[in-house]
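Residue numbers (the numbering used here): 497 to 944. Single-structure report; data block below.
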Ligand SMILES: [Zn+2]
């Protein structure tokens with residue numbers, strides 16, 4: 497960094513701090529330690545957003561392997577890192593967050609096996625996002641849309657078809673798939689410098705999207721700064737995040753893993769964006785990932801807030817009510833583990849086989865927390881073409897194999913690990929010829 501740059505960013509920092517609520521301003525002076533570049537992890541001792549400490553413990557799920565580091569079938573099990581997985585609450589800004597930040601180079605290796613284009617619900621969601629954003633923002637043909645964490649370009653393809661200019665930012669190999677599909681994609685981790693470079697090379701963006709990545713990045717303040725840099729004066733930032741309230745309601749503790757550093761409510765995301773001069777003017781719940789929240793924000797005072805914002809805020813628990821919901825959540829998580837054991841025990845005791853169905857990231861948390869090893873699950877099946885086939889589920893030697901194996905073998909039971917879309921998966925497998933019974937592990941373990 498040159499001297500001028502440093503002075504400029506210092507000025508920006510000071511300006512930012514002068515706009516923050518007093519309490520946070522004081523706390524933010526302590527620079528948080530970063531895991532990026534350490535090859536390891538750092539403990540989060542103060543709130544990632546407002547700096548408050550100490551944070552209140554909510555739930556400890558144990559030591560977990562990185563969910564997307566999968567060993568090849570046949571590889572001899574060898575030493576593997578695992579990280580404490582603890583959920584914490586900031587009593588000041590209400591942000592629910594993880595107690596550990598792991599180096600993104602470990603969590604998102606170049607061969608990161610996740611693609612958003614393979615899930616129908618995500619494809620539909622992004623098509624709907626395009627229509628909604630178009631209506632709310634009013635996009636012109638030359639307007640630029642930038643997607644941060646653009647994955648295989650599924651979201652941007654909708655805007656490209658609409659005739660808009662698009663740019664993806666995606667550090668993993670899957671970004672190349674997008675480039676091959678004609679969606680220009682920069683293969684970098686998003687940082688404020690990237691925001692500045694892109695603004696000078698491509699111009700300001702009318703819309704910046706961050707779908708299911710906004711909770712993944714450490715250094716959240718520089719990231720939001722970078723987003724503000726990218727935005728045109730009248731530009732709009734659209735974020736989609738897994739929604740804390742749905743997580744609690746439907747017991748989705750399996751979405752707690754190290755990629756997800758923060759679990760946003762509208763209260764906590766609004767607080768964060770306001771620290772950067774952004775105002776939330778529209779918000780709504782969407783069905784992706786078992787319940788997410790889509791939030792639109794623009795520079796303060798630019799757009800009148802839609803009633804949806806106040807309505808959602810009023811429906812969220814805060815302070816004592818939130819603490820109570822979190823305590824109940826913990827109790828229910830523990831009981832669900834024990835009931836799942838009881839159900840699986842009755843199946844295994846008569847000698848039945850159980851195959852897992854699909855291996856999303858969340859399956860890793862479920863399998864490791866509940867302790868589903870290769871003695872319980874024979875294998876997990878994934879749709880042909882999945883990058884996870886030929887590997888073991890993290891932390892186990894349960895192999896991931898092609899879906900056709902399920903129809904050939906006809907095990908007595910199939911445990912749906914993507915249980916949040918069980919309604920979509922079960923009829924499809926039935927149609928393809930699976931004759932066994934389905935087990936849904938959460939929120940209440942049950943046989944369909
Ligand atoms: Zn906080």
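Idealized CB from N, CA, C, for every residue including glycine.
Residue i, DSSP secondary structure in three states
i: residue 643; result: strand
i: residue 558; result: strand
i: residue 593; result: strand
i: residue 848; result: coil
i: residue 935; result: strand
i: residue 919; result: helix
i: residue 581; result: strand
i: residue 530; result: coil
i: residue 516; result: Any answer about residue 516 is weak, because its pLDDT of 42 lies below 50 and its placement is not dependable; what the coordinates show is given next. Looking at residue 516 - three-state DSSP - the assignment turns out to be coil, as it is neither helix nor strand.
i: residue 510; result: Residue confidence for residue 510 is low, a pLDDT of 36 falling below 50, so the modelled location carries little weight; the figure read from the coordinates is stated next. Note: residue 510 maps to helix in three-state DSSP.
i: residue 942; result: strand
i: residue 568; result: strand
i: residue 759; result: strand
i: residue 840; result: helix
i: residue 539; result: strand
Buried or exposed (CB count within 10 angstroms, at least 16 for buried), residue i
i: residue 758; result: buried
i: residue 733; result: buried
i: residue 944; result: exposed
i: residue 697; result: exposed
i: residue 918; result: buried
i: residue 627; result: exposed
i: residue 881; result: exposed
i: residue 891; result: buried
i: residue 644; result: buried
i: residue 797; result: exposed
Beta-carbon proximity check, residue i vs residue j, cutoff 8 Å
i: residue 665; j: residue 646; result: yes
i: residue 874; j: residue 907; result: yes
i: residue 813; j: residue 804; result: no
i: residue 706; j: residue 599; result: no
i: residue 711; j: residue 756; result: yes
i: residue 832; j: residue 939; result: yes
i: residue 791; j: residue 735; result: yes
i: residue 825; j: residue 910; result: no
i: residue 925; j: residue 859; result: no
i: residue 809; j: residue 839; result: no
i: residue 687; j: residue 718; result: yes
i: residue 605; j: residue 552; result: no
i: residue 788; j: residue 749; result: no
i: residue 888; j: residue 569; result: yes
i: residue 935; j: residue 854; result: no
i: residue 650; j: residue 618; result: yes
i: residue 591; j: residue 543; result: yes
i: residue 560; j: residue 884; result: no
i: residue 554; j: residue 585; result: yes
i: residue 690; j: residue 731; result: no
Integer Cβ distance of residue i from residue j, believed to fall under 8 Å
i: residue 640; j: residue 663; result: 7 Å
i: residue 760; j: residue 742; result: Actually they are not in contact, since the Cβ atoms of residue 760 and residue 742 sit about 11 Å apart, beyond 8 Å.
i: residue 785; j: residue 708; result: 6 Å
i: residue 621; j: residue 765; result: Actually they do not touch by this definition, with Cβ atoms about 18 Å apart.
i: residue 594; j: residue 540; result: 7 Å
i: residue 800; j: residue 777; result: 7 Å
i: residue 701; j: residue 727; result: 6 Å
Distance cut-off 7 Å: residue i Cβ against heavy atoms of ligand 2
i: residue 548; result: Within the structure as shown, ligand 2 is missing, the only ligands being ligand 1.
- Item | Inside the segment 776 to 825 only - alpha helix (DSSP H) runs reaching at least 4 residues | 803 to 811
- Any beta strand (DSSP E) of 3 or more consecutive residues that is wholly inside the segment 600 to 683: 640 to 644, 661 to 665
- Task: Enumerate, from N- to C-terminal direction, the unbroken alpha helix (DSSP H) stretches of 4 or more residues contained entirely within the segment 853 to 914.
- Result: 857 to 866, 900 to 905
- Entirely within the segment 690 to 723 and at least 3 residues each: give me those beta strand (DSSP E) ranges in chain order. 701 to 707
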